[in-house]
Amino acid sequence: MGREWSSRERMEAAIRGEEPDRVPVWPQIYAYAPRVCGMLFSQYCTSSRNLVKAQLEALELFQYDALGAYPDITIEAEAIGSHVRIPRDEIPEVREPLVKEPSALERLRVPDPRRDGRMPLILDSIRALVEKTRGKVMVFSGFQGPFSLSCQLRGLSRFVVDLYTNQSFAREMLKTTKEILVGYAEAQIAAGTHVVEIGDSSSQMLSPRQFREFALPPLKEVFATVDSQGALSALHICGKTDHILEDMARSGAHLLELDTAIDLSEAKKKVGNRVCLLGNIDPVGILLQKAEREVIEETRGLISTVAPGGSYILSAGCEPPLATPRGNIRAMVDACRRFGSYPISHLEGGGW
Amino acid sequence: MKAGASAEKLEEELTSSLLSMDIEAVKRTVRDNLERGGDAQQLLSILMNGMRMVGRKFEDQEFFLADLIMAGEIMKQATAIIKPHLSASGTESTGTVVLGTIMGDLHDIGKDIVKSMLLSEGFEVHDLGTDVAPAVFVQKAREVGAEVVGVSALLTTTIPRVKEVIDELETAGIRPEVKVIIGGAAVRQRDVALYGVDAAVNDAVGGVRIIKSWARGTGAKQ
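Residue numbers (our numbering), protein chains in the order written: chain A, 1 to 352; chain G, 353 to 574.
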């Protein structure tokens, strides 16, 4: 009793499936961070110094339990050679698929994370974030999963069609991206990241059979690498994932980040004894569009239904939209501090 | 064999190939049938009927988004083979829709899903791709006589640009003939009043439902 938990200890306990002192909270502040300090997005995602500055200022402002060295989802595609457009103050995007013809796969550049594109910037940011918070705050860093990266490189519709018409090529593509990502994961772990977060949202389009056949095997391999090197891992698939939830829980990730479309208390019943869950306040319907009072009610409701028993991190269903009022993010974090102290029993209505 | 029986066999074969996502079998059946003097219009209506079944299976969660995208691709390739064989009077489509992702925005998943679903409902769809300038929507709508313009916008920064599409339609003098719908995760109901569009939706299924309800009216705009 009486001992102070660091943010990292709190997160780690939840990820181990335990109850910490209170529910940890991490609203997935990746792209949102530069808004906090009036920085342009293009400044944030192209300089490690700026990224670290914005992340630390956002942490200072909101007082949640983690940091993110993952400004946008084009970093891997760019290091491989894709043309990425970095607008002045919007999220970067892959301009054009690199593998328009299957034959282009052989010519893909396997990036050196210490040298290519903005990967070195991410590694520097990981090091700086860990160092400046003296290891007391959980640092997340990540990349697109093999399936989603393949979609980025090949073009989404084209890669989906490959799954039906050219499966040997699709498998080659997934093998290549998996190998690239294993190398990048190792470099992030060597730089000191605590959690490798893989975003594989394009795979929510697949049928359960397709997910097991194409998306899951390469994911498992990357997670196995992360595990063998002593880091933690998270799997982020936004959208409707009911149909693949059991398989996501079998991927080897320690933490599943689930979107608003999922009933989190149901998910906890199904897979909560095997993996820690993170989520899932509606980022658009609540955080962007509603008032603080409603954010607090949502937060309280989630905590009372999902937090008992531990193994839970409070968050939004996905990253908050850039136009989210600051007050709403603060309200979510504050409500977590107010109502999230363990032990928590299931609340049945009542005033507060 | 009687004509009726062979027509039934054709329908069974084509529909089953489509539902099992066998693109080569669909194209082969279509080509063979046309070579033997088959009715292009009949082929097209069998396929459209099959696409409606795909749409229903998607709603019943028997099919998934990947299946919708693949079925849309099969429909696209099969239609390209059939089209030159259609008589001048052509086919009666459910309606004509121009679709695109607005300028500054490269997201195409939602738009592609809407496109597949509209094709499955028998609409003629003109897809302008992503990063489309407001004037291009209007130019295309005028060229093809579209009843509906669908604007996809995922970013809060690009949503307001739908207003420029409305302005361009007014300048071109065709606003009364065209319904405009905006779709995207961050789109809100109040955008209808804010930008003067006819509908605003967050999801593909809802958007297609609205476009269908317009098509069922007498002409797109009443």
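Glycine included, each C-beta is placed from N, C-alpha and C at the ideal position.
Treat the numbers as computed from the prediction; the structure is a model and nothing was measured.
From the options, residue whose alpha carbon lies closest to that of residue i
| i | options | result |
| --- | --- | --- |
| ARG35 of chain A | A:ALA13, A:ASP89 and A:PRO20 | A:ASP89 |
| LEU399 of chain G | G:LEU546, G:ILE534 and G:LYS379 | G:LYS379 |
| ASP483 of chain G | G:VAL539, G:ASP555, G:VAL490 and G:HIS459 | G:HIS459 |
| LYS269 of chain A | A:ALA261, A:SER311 and A:GLY230 | A:SER311 |
| LEU626 of chain G | G:VAL406, G:LEU370 and G:SER504 | Since the first residue shown for chain G is 353 and the last is 574, residue 626 of chain G is missing from the structure and cannot be characterised. |
| ASP200 of chain A | A:ARG95, A:HIS194, A:SER150 and A:LEU40 | A:SER150 |
| LEU56 of chain A | A:VAL130, A:HIS194, A:ILE75 and A:ARG154 | A:VAL130 |
| SER397 of chain G | G:ILE421, G:GLU473, G:PHE410 and G:GLU387 | G:GLU473 |
| ALA485 of chain G | G:GLY389, G:LYS467, G:PRO436 and G:PRO512 | G:PRO512 |
| ARG293 of chain A | A:ALA185, A:LEU314, A:PRO325 and A:THR176 | A:PRO325 |
| ASP65 of chain A | A:GLY38, A:LYS136 and A:LYS132 | A:LYS136 |
| ILE262 of chain A | A:GLU213, A:SER157, A:GLU298 and A:GLY317 | A:GLY317 |
| MET138 of chain A | A:ARG109, A:GLY117 and A:ALA128 | A:ALA128 |
| VAL195 of chain A | A:THR176, A:GLN28 and A:PRO92 | A:GLN28 |
| GLY38 of chain A | A:PRO24, A:GLY285, A:TYR30 and A:ALA54 | A:ALA54 |
| ALA224 of chain A | A:SER207, A:ARG250, A:PRO208 and A:CYS336 | A:ARG250 |
| GLU106 of chain A | A:ILE80, A:GLY117 and A:ILE86 | A:ILE80 |
| ILE86 of chain A | A:ALA104, A:PRO102, A:GLY117 and A:GLY183 | A:GLY117 |
| LEU560 of chain G | G:ILE533, G:VAL549 and G:VAL544 | Sequence inspection shows Val at residue 560 of chain G; the Leu mentioned does not correspond to that position. Nearest of G:ILE533, G:VAL549 and G:VAL544 to VAL560 of chain G, Cα basis: G:ILE533. |
| ALA31 of chain A | A:ALA291, A:GLU93 and A:PRO24 | A:GLU93 |
| GLN63 of chain A | A:SER7, A:ARG16 and A:LEU108 | A:SER7 |
| ALA187 of chain A | A:PHE214, A:ARG95, A:PRO120 and A:VAL295 | A:PRO120 |
Exposure label - residue i; buried when at least 16 CB within 10 Å
| i | result |
| --- | --- |
| GLU246 of chain A | exposed |
| ALA357 of chain G | exposed |
| ASN273 of chain A | exposed |
| SER439 of chain G | exposed |
| ASP412 of chain G | exposed |
| GLU18 of chain A | exposed |
| GLY481 of chain G | exposed |
| VAL500 of chain G | buried |
| VAL557 of chain G | exposed |
| SER565 of chain G | exposed |
| LYS100 of chain A | exposed |
| SER468 of chain G | buried |
| GLY351 of chain A | Here the model assigns GLY351 of chain A a pLDDT of 41, short of 50, so the residue's position is not dependable, and the following value carries that caveat. Flag for GLY351 of chain A reads exposed. |
| SER354 of chain A | For chain A, the structure presents residues 1 to 352; residue 354 of chain A sits outside this window and is missing. |
| LYS178 of chain A | buried |
| GLY407 of chain G | buried |
| PRO20 of chain A | buried |
| GLY536 of chain G | buried |
| LEU236 of chain A | Here residue 236 of chain A turns out to be His, not Leu, going by the sequence shown. The residue is buried, with at least 16 neighbouring Cβ atoms inside 10 Å. |
| LYS531 of chain G | buried |
| ALA432 of chain G | exposed |
| SER103 of chain A | exposed |
Residue j beta carbon less than 7 Å from that of residue i
| i | j | result |
| --- | --- | --- |
| MET205 of chain A | LEU417 of chain G | yes |
| VAL490 of chain G | LEU451 of chain G | no |
| GLN229 of chain A | ILE189 of chain A | yes |
| ALA538 of chain G | PRO283 of chain A | no |
| ALA58 of chain A | ILE126 of chain A | no |
| THR510 of chain G | ILE465 of chain G | no |
| ALA551 of chain G | GLN541 of chain G | no |
| PRO111 of chain A | ARG154 of chain A | no |
| SER148 of chain A | SER233 of chain A | no |
| LEU278 of chain A | ALA191 of chain A | no |
| HIS437 of chain G | ALA377 of chain G | no |
Beta-carbon neighbours of residue i, restricted to chain D and to distances below 8 Å
| i | result |
| --- | --- |
| THR177 of chain A | In summary, chain D is missing from the structure at hand, where the protein chains are A and G. |
Residues of its chain near residue i, where Cβ-Cβ distance is below 8 Å and the 5 sequence neighbours each way are ignored
| i | result |
| --- | --- |
| THR508 of chain G | ALA538 |
| GLU425 of chain G | ILE375 |
| LEU40 of chain A | PRO34, ARG88 and ASP89 |
| THR193 of chain A | ALA69, ILE126, VAL130, VAL139, PHE140, SER141 and ALA231 |
| THR299 of chain A | ILE281, LEU314, ALA331, MET332, ALA335, CYS336 and PHE339 |
Spatial neighbours of residue i in its chain, beta-carbon cut-off 7 Å, leaving aside the 5 residues before and after
| i | result |
| --- | --- |
| GLY497 of chain G | THR448 |
| ARG494 of chain G | ALA524 and ILE526 |
| MET403 of chain G | ALA423, MET427, LEU471 and SER472 |
| LEU302 of chain A | LEU264, ILE281 and LEU314 |
| ILE91 of chain A | ALA31, PHE41 and ASP72 |
Proximal residues to residue i (C-beta, below 6 Å), its chain only, five neighbours per side dropped
| i | result |
| --- | --- |
| GLU4 of chain A | none |
| GLN144 of chain A | ILE73, GLU76 and GLY199 |
| ARG49 of chain A | none |
| THR260 of chain A | ASN280, ASP282 and GLY317 |
| SER341 of chain A | ARG22 |
At a cut of 8 Å, does the stretch 517-532 of chain G reach the stretch 253-265 of chain A through at least three beta carbon pairs? Not touching, per the Cβ criterion.
Can at least three beta-carbon pairs, one atom from the stretch 470-480 of chain G and one from the stretch 153-171 of chain A, be found at a separation below 8 Å? They do not touch, by the three-pair rule.
At least 3 beta-carbon pairs within less than 8 Å: the stretch 361-368 of chain G vs the stretch 314-334 of chain A: These segments do not touch.
With a cut-off of 8 Å, do at least 3 Cβ pairs link the stretch 455-470 of chain G to the stretch 499-510 of chain G? As far as the Cβ criterion goes, the stretch 455-470 of chain G touches the stretch 499-510 of chain G, which means the pair count is three or higher.
Evaluate contact between the stretch 211-225 of chain A and the stretch 11-31 of chain A, counting only Cβ atoms and requiring at least three cross-stretch pairs below 8 Å. Contact between the stretch 211-225 of chain A and the stretch 11-31 of chain A is absent, because fewer than three Cβ pairs lie under 8 Å.
Three-pair Cβ contact test at 8 Å for the stretch 67-81 of chain A versus the stretch 32-51 of chain A: A contact exists between the stretch 67-81 of chain A and the stretch 32-51 of chain A.
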